[in-house]
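Worksheet for the structure shown next.
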Amino acid sequence: MLSRGLWAGLVVVVGFIALLCLVPPVSRDALVHHLAVPKLYLRAGGMVEIPTMEWAYYPMNLDVLYWASLALGSDILPKFIHFAFGLGTAALLYRYLRKALGGIWGLVGAFLFLTTPVIMKLSTTVYVDLGLAFFSLAATLSLFRCRENGFPGWKGVAWAGVLCGLGLGVKYNGLLVLLILAALVPLMVSRTVPAERHRDAKAIGFAALFVVAALLAYGPTGIRNTVWTGNPIYPLYNGTVQKVTKALTDPAPKAPATAVSAPAAPKTKGHGRMHPLQMRRLIYDESSLDLALLPVRLFFQGQDGNSRLFDGRFSPLLFLFVPLLILWRRMPDAWRSDVGCLLFITWIYIGLAICLTSVRVRYLVPVVPHLVLLAVYGLKLSADTLRQTAQPLGRTVGTTCLALFVVYGLWVNTAYAANLYRYVNPLAYLSGEVDRDGYVARYRVEHDAFRYINRNLAPTDRLYFIYLGKRGYYCDIPYVPDSGGHLRGLLNRGTALCTPDEMAGYLKKKGITHLVVNMSLAWPHLTEDGRPGEAEGFDRFLRTRTRLLFQSRGVYVFALK
Numbered sequence: 003m004l005s006r007g008l009w010a011g012l013v014v015v016v017g018f019i020a021l022l023c024l025v026p027p028v029s030r031d032a033l034v035h036h037l038a039v040p041k042l043y044l045r046a047g048g049m050v051e052i053p054t055m056e057w058a059y060y061p062m063n064l065d066v067l068y069w070a071s072l073a074l075g076s077d078i079l080p081k082f083i084h085f086a087f088g089l090g091t092a093a094l095l096y097r098y099l100r101k102a103l104g105g106i107w108g109l110v111g112a113f114l115f116l117t118t119p120v121i122m123k124l125s126t127t128v129y130v131d132l133g134l135a136f137f138s139l140a141a142t143l144s145l146f147r148c149r150e151n152g153f154p155g156w157k158g159v160a161w162a163g164v165l166c167g168l169g170l171g172v173k174y175n176g177l178l179v180l181l182i183l184a185a186l187v188p189l190m191v192s193r194t195v196p197a198e199r200h201r202d203a204k205a206i207g208f209a210a211l212f213v214v215a216a217l218l219a220y221g222p223t224g225i226r227n228t229v230w231t232g233n234p235i236y237p238l239y240n241g242t243v244q245k246v247t248k249a250l251t252d253p254a255p256k257a258p259a260t261a262v263s264a265p266a267a268p269k270t271k272g273h274g275r276m277h278p279l280q281m282r283r284l285i286y287d288e289s290s291l292d293l294a295l296l297p298v299r300l301f302f303q304g305q306d307g308n309s310r311l312f313d314g315r316f317s318p319l320l321f322l323f324v325p326l327l328i329l330w331r332r333m334p335d336a337w338r339s340d341v342g343c344l345l346f347i348t349w350i351y352i353g354l355a356i357c358l359t360s361v362r363v364r365y366l367v368p369v370v371p372h373l374v375l376l377a378v379y380g381l382k383l384s385a386d387t388l389r390q391t392a393q394p395l396g397r398t399v400g401t402t403c404l405a406l407f408v409v410y411g412l413w414v415n416t417a418y419a420a421n422l423y424r425y426v427n428p429l430a431y432l433s434g435e436v437d438r439d440g441y442v443a444r445y446r447v448e449h450d451a452f453r454y455i456n457r458n459l460a461p462t463d464r465l466y467f468i469y470l471g472k473r474g475y476y477c478d479i480p481y482v483p484d485s486g487g488h489l490r491g492l493l494n495r496g497t498a499l500c501t502p503d504e505m506a507g508y509l510k511k512k513g514i515t516h517l518v519v520n521m522s523l524a525w526p527h528l529t530e531d532g533r534p535g536e537a538e539g540f541d542r543f544l545r546t547r548t549r550l551l552f553q554s555r556g557v558y559v560f561a562l563k
């Protein structure tokens, strides 16, 4: 009976997500990157370097599939491709848990994964995070299989490395997965292979093999970026990579002639870049306790679009890994190796992610499948322990608390699904109440301006975006996206303000013919946070050196005179 209910629940969840996928793409990164770059490749007839877009150098393993979808004439199909990787991850969870704990628990794992809020949200978007989650889990389970078989040969480890490298070719977050799994391989070998079978040599050799296989699988992206920029992981650590490359390739400098000179004045050391946790303390006024509790808050707080609340939502049910820590001694011996490895992978990754960048739930998606496995193990261990409890009162109280927590978690997931449905509102589009352009315009203020541009401007024109959030997928005319410095770059040369003629000359040197400005953001920024004279200078430039062509919802289109 429970099995049928879980299967029915899975069918409902899959159908629900598929329904939400049937609308035009409006998510930010899809319009900036995952669809915009393939669209430009399609127009160019191949993969070309786009220096104005830093994100065009990011890994493209999934974006290549989106490119093929655009070639077939569909920008909705990429949503289903991304969702397919989510379904593939659920299938891997089901297969593993069915073998380890039984069929019912496999269904529980698949259902928990697909109903986790961040997974539901990502399944309806043209992003790539579910691809990385799939390859990260596949690499982990492949290593588990090697351990079960006693690491008999190199093929299983190499295959795990290939899977990890494919994940790195999806998104740079895979670097953390590669680092953690590469560290885990020798630990697994040392605990599995007897000392008399060259255990230490195998541990080092298999770890090296894993890394080499991963880098070979990442090779196409690395080679492309090396040819274009000299950095295989551009734009990450570009300064460091360029310094190392220069040191290796440049000839050694000749020894300078001895000379007597006056002592140099001591250099003042700058403050450097602020740590992400320091940024949280400064921006959100979080206390030391708030920061210390971040790993716990992730499971119980969260809101889409709210950076303070991690710009996304986990499920409280993922917190069910805690009984594994409390009841570790009661855990069956057969579970210990896998559970220990899963805890190692998950919490090293979460700790590194919190310390290296801003805390976003989406950045933690590669270990959500691992958290699901831990949660199912924790739920099973809790249920078994309660069943074996001798005191009826303790068993009743414990079972009630566990049931209430599960109900609470399911309620959170269901409430999120309801809010997601209201936000996407697929029936308004599918019923014909609004057309494609009308649907997109509900979510993107610049869409009306893009419609005007696509109808009235020539393919030889070139646009300069200001405060549009880099979203250019729906623009058919060549454009230069704004990565945050366009307005400042236009208004200033060093410490001096530019004249209108200097601004016009700056744009014409770049081949710019038109400006597209989100004035609802740009003007408050100038008047409230700008330097003295910037607002007046920009206003004078617009009045004397441009001509207003179109405006809608705060977005203005200007032509340079």
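Sequential numbering of the sequence shown, starting at 3, is according to my numbering.
Ideal Cβ placement from N, Cα and C applies to all residues, glycine included.
Hey, quick one: how far does the beta strand (DSSP E) through residue i stretch, first residue to last?
i	result
THR117	No beta strand (DSSP E) holds THR117; the alpha helix (DSSP H) holding it covers 105-117.
PHE323	Here PHE323 belongs to no beta strand (DSSP E), and DSSP marks it neither H nor E.
ILE468	465-468
Is the distance from the Cβ of residue i to the Cβ of residue j below 8 Å?
i	j	result
GLY474	ALA162	no
TYR454	PHE467	no
LEU300	GLY380	no
LEU94	LEU143	yes
ASP65	HIS84	no
ALA430	TYR441	yes
TYR469	LEU492	no
TYR174	LEU124	no
ASN456	ASP478	yes
PHE136	THR91	yes
PRO483	THR54	yes
GLY169	LEU134	yes
Out of the options, which has the shortest C-alpha to C-alpha gap to residue i?
i	options	result
ASP541	ALA58, LEU499 and GLY304	LEU499
VAL25	GLU538, ASN456, ALA537 and VAL426	VAL426
ALA417	ARG549, MET122, LEU345 and ARG533	MET122
LEU217	LEU238, ASN227, VAL164 and ALA203	VAL164
LEU132	ALA86, PHE452, GLY171 and ASN151	ALA86
ARG275	SER317, LEU181 and LEU358	LEU358
TRP9	SER76, GLU51, GLN390 and TRP107	TRP107
GLY167	GLU150, ALA140 and PRO154	ALA140
VAL324	VAL298, ASN227, ARG226 and ALA392	VAL298
Give the DSSP bridge partners of residue i, in chain order.
i	result
TYR558	VAL519 and GLN553
ASN494	LEU499
ARG315	GLY304
PHE212	BP columns for PHE212 are empty, so no partner.
VAL482	TYR466
THR194	For THR194, which the question treats as bridged, DSSP gives no partner whatsoever.
THR348	THR348 is not bridged to any residue.
THR548	LEU562
Compute the Euclidean distance between the alpha carbons of residue i and residue j, then round it to the nearest angstrom.
i	j	result
VAL519	PHE552	11 Å
GLY486	ASN494	14 Å
TYR43	ALA420	37 Å
GLY272	VAL229	Bear in mind that the predicted position of GLY272 carries a pLDDT of just 47, short of 50, making it too unreliable to give a figure here.
LEU4	ILE78	35 Å
LEU465	VAL557	13 Å
THR126	LEU432	15 Å
ALA261	TYR236	Note that ALA261 has pLDDT 46, beneath the 50 cutoff, so the model's placement of it is unreliable and the number below is only indicative. Each residue's alpha carbon lies about 41 Å from the other.
PHE312	GLN305	7 Å
LEU109	VAL13	11 Å
PRO534	THR497	12 Å
ALA203	SER192	10 Å
HIS277	ILE285	12 Å
GLY1	GLY152	Any property of residue 1 remains undetermined from this structure, which presents the chain solely from 3 to 563.
LYS269	VAL246	Because LYS269 carries a pLDDT of 48, less than 50, the predicted location of this residue cannot be relied on, and no value is offered for it.
SER263	ALA249	In this prediction, SER263 has a pLDDT of 47, which is less than 50 and means its spatial position is unreliable; what the coordinates show is noted afterwards. In a straight line, the C-alpha of SER263 is about 27 Å away from that of ALA249.
TYR68	ARG397	52 Å
THR546	PRO502	7 Å
PRO334	TYR476	55 Å
SER554	ARG446	11 Å
GLY105	GLY11	15 Å
Taking the alpha helix (DSSP H) that residue i falls in, what are its first and last residues?
i	result
TYR98	79-102
PHE18	4-22
GLY169	157-170
ASN421	394-426
TRP57	It is not in any alpha helix (DSSP H) - TRP57 carries neither H nor E in the DSSP assignment.
MET281	278-286
HIS449	449-458
VAL378	370-389
VAL436	Unbroken run through VAL436: none, as it is neither H nor E.
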